[in-house]
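Just below is one structure, and these are the notes that go with it.
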Amino acid sequence: MSSDLNILGDPQQVQAALRTDGTAISGAQKLVQRALVLLYTDVEDPIRLGVGTDINRGDQSRNVYDTEEIRTLFAIALGKVKDILLVTTALDAPDDEKIREFQTEAELIGRGELSVTITVQTQADTAFVVQVPVTTVSEVV
Amino acid sequence: MVDTIKEKQERIATELQALLSETYPAGDFAVGTVNYDLLVVPASLLYATHEFKIDTVRDNLSLSQVLSTYYPDPTLVDNLLSNFGVVRGPGVSSVGLINVFTSATQNLYIPSTAEIECNGIRLSPTKSFVGVPGTITEQDTSEVSYLQMRDYDALTKVFTISAATVEAATTVLSVGQICTSSLNNAQITKLETGSTFTGGKVEETTLELLDRARTGVNARVVTGRDNIRSFLQTQTAVNVVDSAVFGMGDDLQLRDAVNSAGISAGGRVDVYIKTAPVPVEVKQLFTGTRVSGNIWDIEIPSDVFPGAYGCSRVGYADIPLDVGITYTLGYTAAGPWPLVSSALHARYSKYQTMHIGFETTAVDSAVSTASFEVTVFYMPGVETLQDFLNGAGVRSHAFDHVVKAVIPVIVDLDVDIEYSAGVTPPTAGSLRQSISDIINLKAVGVEALFASDIVYATRLAFVDSTVRMPVNLRARIYMPDGTVTYTSSQNHIKAPVAPGISFRNTAFFCFPHSVNVSLSEVS
Numbered sequence: 001m002s003s004d005l006n007i008l009g010d011p012q013q014v015q016a017a018l019r020t021d022g023t024a025i026s027g028a029q030k031l032v033q034r035a036l037v038l039l040y041t042d043v044e045d046p047i048r049l050g051v052g053t054d055i056n057r058g059d060q061s062r063n064v065y066d067t068e069e070i071r072t073l074f075a076i077a078l079g080k081v082k083d084i085l086l087v088t089t090a091l092d093a094p095d096d097e098k099i100r101e102f103q104t105e106a107e108l109i110g111r112g113e114l115s116v117t118i119t120v121q122t123q124a125d126t127a128f129v130v131q132v133p134v135t136t137v138s139e140v141v
Numbered sequence: 142m143v144d145t146i147k148e149k150q151e152r153i154a155t156e157l158q159a160l161l162s163e164t165y166p167a168g169d170f171a172v173g174t175v176n177y178d179l180l181v182v183p184a185s186l187l188y189a190t191h192e193f194k195i196d197t198v199r200d201n202l203s204l205s206q207v208l209s210t211y212y213p214d215p216t217l218v219d220n221l222l223s224n225f226g227v228v229r230g231p232g233v234s235s236v237g238l239i240n241v242f243t244s245a246t247q248n249l250y251i252p253s254t255a256e257i258e259c260n261g262i263r264l265s266p267t268k269s270f271v272g273v274p275g276t277i278t279e280q281d282t283s284e285v286s287y288l289q290m291r292d293y294d295a296l297t298k299v300f301t302i303s304a305a306t307v308e309a310a311t312t313v314l315s316v317g318q319i320c321t322s323s324l325n326n327a328q329i330t331k332l333e334t335g336s337t338f339t340g341g342k343v344e345e346t347t348l349e350l351l352d353r354a355r356t357g358v359n360a361r362v363v364t365g366r367d368n369i370r371s372f373l374q375t376q377t378a379v380n381v382v383d384s385a386v387f388g389m390g391d392d393l394q395l396r397d398a399v400n401s402a403g404i405s406a407g408g409r410v411d412v413y414i415k416t417a418p419v420p421v422e423v424k425q426l427f428t429g430t431r432v433s434g435n436i437w438d439i440e441i442p443s444d445v446f447p448g449a450y451g452c453s454r455v456g457y458a459d460i461p462l463d464v465g466i467t468y469t470l471g472y473t474a475a476g477p478w479p480l481v482s483s484a485l486h487a488r489y490s491k492y493q494t495m496h497i498g499f500e501t502t503a504v505d506s507a508v509s510t511a512s513f514e515v516t517v518f519y520m521p522g523v524e525t526l527q528d529f530l531n532g533a534g535v536r537s538h539a540f541d542h543v544v545k546a547v548i549p550v551i552v553d554l555d556v557d558i559e560y561s562a563g564v565t566p567p568t569a570g571s572l573r574q575s576i577s578d579i580i581n582l583k584a585v586g587v588e589a590l591f592a593s594d595i596v597y598a599t600r601l602a603f604v605d606s607t608v609r610m611p612v613n614l615r616a617r618i619y620m621p622d623g624t625v626t627y628t629s630s631q632n633h634i635k636a637p638v639a640p641g642i643s644f645r646n647t648a649f650f651c652f653p654h655s656v657n658v659s660l661s662e663v664s
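Chains C and Y supply the protein sequences, listed in that same order.
Throughout the first sequence, residue numbering follows my numbering, covering 1 to 141 in sequence.
Throughout the second sequence, residue numbering follows my numbering, covering 142 to 664 in sequence.
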């Protein structure tokens, strides 16, 4: 098993921050952390070699979304993250560091504020749930 | 082809990833991990930048490498070539004259900070000028000039100031173009250009500099043809746009076999120079002498207009005369070198002397001398470059150079341009400028000017246009023997072949006002 640094110390990311060994993480937490790093890396970031998604850009043709559209944007972006993870994870990595599937749900929690729930399923059939707030989206219905 | 920074970074990132995974098997350095983002990405970026800079330095520090590199670094190229005495040609402003028309009855001040604009080109006076209406002795210092206003008509007076383009530029302005200014003075009724603005050039680019270095890295005295051309372009006193060199054994080298046996002695070199996009036209007052009857003679002084081509217009009392001009050419024997022993040898060089003769009844028959306004037509810098090559430190004793102005083929043309309904055409003025620019950009020794060149220039300036054939091309050529030859064609214009002239020592010139554009909308 190989480990990575833990950077998700945010209290809201309680599950991801449940580290066992101080500053390094492994297993499903590591998978979640990688997935989130890739999810929020811009696809045209000039120094990150083209890996990343366009979730930060949204659908550039407009700036008004409804809840289902936001969920779809996340689902599309996570599809790309899954592709990247599948080709960049070592073959001998433990199963709980390999991605099986992402599932997304979105819920309106206030005016212009959404909670997107991402469920990360590993190939060891464990699941890990991350809640991502999406705010300042104008006029979410 | 060298790798780009991006390619280098990708390669280095892969290498670092492999190295780190091997050194620390417990660490995960896959894409998207924090280890990867915090270690591999910044390090690979830094190393790639360094590697790219090292490559640039390595390429630019070798003379043979830098001559074939794709991305020469301007600073490094300057540093490298300075070791060989090759320096970048600086940019030069174009200069010319501006006529100020005024209704002022008191002194009119034109400060050196005034901004004048003509055809979108910014100009500024070369110093402060003061136009004085009352009679004065004109004064000229480096800071300010006091100039006598002349009467233009009953209400308006005129005086002429000199001005230069603010930016280094090769753009040509012709005579009589209207200017605007920041002076905001109601007494200035009109500003217009009083001479061709020319003589400027933009700073030499790095690739041009390298191109010159191929032949310019050499001894500091003149030797071969490429060396002479490169050498003339290096000196900064005169802006040499292009030049052509003719030496021993060449048909165009007329001074080569002038001994009694008719044998070529070698060492004689004629250098034809183009120092401005178009020749300079200057209107000046000259005193003419009545020779006999109504025939007048005027000497064009060779110290003021060395190597002049001729005169394009003669006027008397501000009225242009419709007269045929006869040129009488002579020469000043120059001593042991350069060897100049006929008017043909001296033509277009500083050793030429020129008289013009014409017949007119406009002057009172009782008068034996009169002032005529003569528009002289010449290429600047001929004398300066001749003196430069004659310089003791430059001249090789094996050579005998005569610097001559390139033989001009002055083109004027008619072009009919059609465009579809709904398209907004550019102004005729800007089309004239573009077409004349394309002709004036041609180097010395272009074999012919084709109608297709005009079509190309038109399409460049106005994409949505069609040129209706034929294009009428007309040209006048100031021949070495002092005659002026006229030619016209609807296909191409080519320099005639005669003693001392072929296409190899001629250049095409075109003034914007000689381009007749007719724009028509077709449905």
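From the three backbone atoms N, C-alpha and C, an ideal C-beta is built for every residue, glycine too.
query, result
"Can you check DSSP and say which residues form a bridge with MET495 of chain Y?", "Y:ILE441 and Y:LEU470"
"Got a sec: which bits of the region 153-177 of chain Y sit with their beta carbon under 9 Å from any beta carbon on chain C, in order along the chain?", "ALA154, SER162, TYR165, PRO166, ALA167, GLY168, ASP169, PHE170, ALA171, VAL172, GLY173, THR174, VAL175, ASN176 and TYR177"
"Counting along the chain, where does the alpha helix (DSSP H) carrying GLU148 of chain Y start and finish?", "146-164"
"By DSSP's criteria, GLY237 of chain Y is part of a beta bridge. Which residues make up the other side?", "Y:ALA304"
"Is the beta carbon of THR122 of chain C less than 8 Å from the beta carbon of ILE99 of chain C?", "yes"
"Leaving out five residues on either side along the sequence, give the residues of the same chain with a beta carbon under 8 Å from the beta carbon of SER664 of chain Y.", "SER561 and ALA562"
"Given PRO653 of chain Y, which residues of its chain have a CB within under 7 Å of its CB, disregarding the five upstream and five downstream residues?", "SER315, ARG573, GLN574 and SER577"
"At a CB-CB cut-off below 7 Å, which residues of chain Y make contact with ARG100 of chain C?", "Those within 7 Å of ARG100 of chain C in chain Y number zero; the least Cβ separation is about 17 Å."
"Is GLU113 of chain C helix, strand or coil by DSSP?", "strand"
"Using only CA atoms, which one of C:TYR40, C:ASP96, C:VAL134 and C:GLU69 lies nearest to LYS80 of chain C?", "C:TYR40"
"Could you give the DSSP three-state label for THR97 of chain C: helix, strand or coil?", "In the sequence as presented, Thr is not what sits at residue 97 of chain C; that position holds Glu. Helix."
"Nearest-angstrom Cα distance between SER497 of chain Y and VAL455 of chain Y?", "Checking the sequence, you will find Ile at residue 497 of chain Y rather than Ser. The alpha-carbon atoms of ILE497 of chain Y and VAL455 of chain Y are separated by roughly 10 Å."
"Can you look up THR190 of chain Y in the DSSP assignment and give me helix, strand or coil?", "helix"
"Of all the options Y:SER490, Y:GLU514 and Y:TYR519, which has the alpha carbon lying nearest to the alpha carbon of ALA417 of chain Y?", "Y:TYR519"
"Name, going along the chain, the residues of the region 73-96 of chain C whose beta-carbon falls closer than 9 Å to a beta-carbon of chain Y.", "VAL81, ILE84, LEU85, VAL87, THR88, THR89, ALA90 and ALA93"
"Quick one: does ALA17 of chain C have its CB under 8 Å from some CB of chain Y?", "Note that ALA17 of chain C scores a pLDDT of 47, beneath 50, so its modelled location is shaky; the value from the coordinates is reported in the next line. So, not an interface residue."
"Are the beta-carbon atoms belonging to VAL236 of chain Y and ALA305 of chain Y less than 8 Å from one another?", "yes"
"Which bits of chain C does LEU186 of chain Y rub up against, with CB to CB less than 7 Å?", "ILE47"
"Which class does THR516 of chain Y belong to by DSSP, given the choice of helix, strand or coil?", "strand"
"If you count every other CB in all the chains shown that lies within 10 Å of the CB of MET344 of chain Y, and 16 or more means buried, which is it?", "A small correction: the amino acid at residue 344 of chain Y is Glu; Met does not occupy that position in the sequence shown. Exposed, since its Cβ has fewer than 16 Cβ neighbours within 10 Å."
"If we define contact as Cβ-Cβ less than 8 Å, is ILE109 of chain C a contact residue for chain Y?", "no"
"Cα separation between ASP214 of chain Y and THR375 of chain Y?", "20 Å"
"Take GLY22 of chain C and list the residues in its own chain whose beta-carbon comes closer than 7 Å to its own, dropping the five residues that flank it on each side.", "Note that GLY22 of chain C scores 49 on pLDDT, short of 50, meaning its location in the model is unreliable and no value can be drawn from it."
"Could you please tell me which residues of the region 117-129 of chain C, in chain order, have their CB closer than 9 Å to any CB of chain Y?", "none"
"Please determine, among Y:GLU192, Y:GLU514 and Y:SER490, the residue with the shortest C-alpha to C-alpha distance to LYS415 of chain Y.", "Y:SER490"
"So, is TYR212 of chain Y buried or exposed, given that buried needs 16 or more other C-beta atoms within 10 angstroms?", "exposed"
"Going straight from the alpha carbon of ILE329 of chain Y to that of GLY317 of chain Y, what length do you get?", "16 Å"
"Could you tell me the alpha carbon to alpha carbon distance between PRO183 of chain Y and VAL386 of chain Y, rounded to whole angstroms?", "57 Å"
"Consider the Cβ of VAL37 of chain C: report whether some Cβ of chain Y lies at a distance smaller than 8 Å.", "yes"
"Chain Y beta carbons: is any one of them nearer than 8 Å to that of GLN29 of chain C?", "no"
"Spell out whether any CB of chain Y is found under 8 Å from the CB atom of ASP54 of chain C.", "no"
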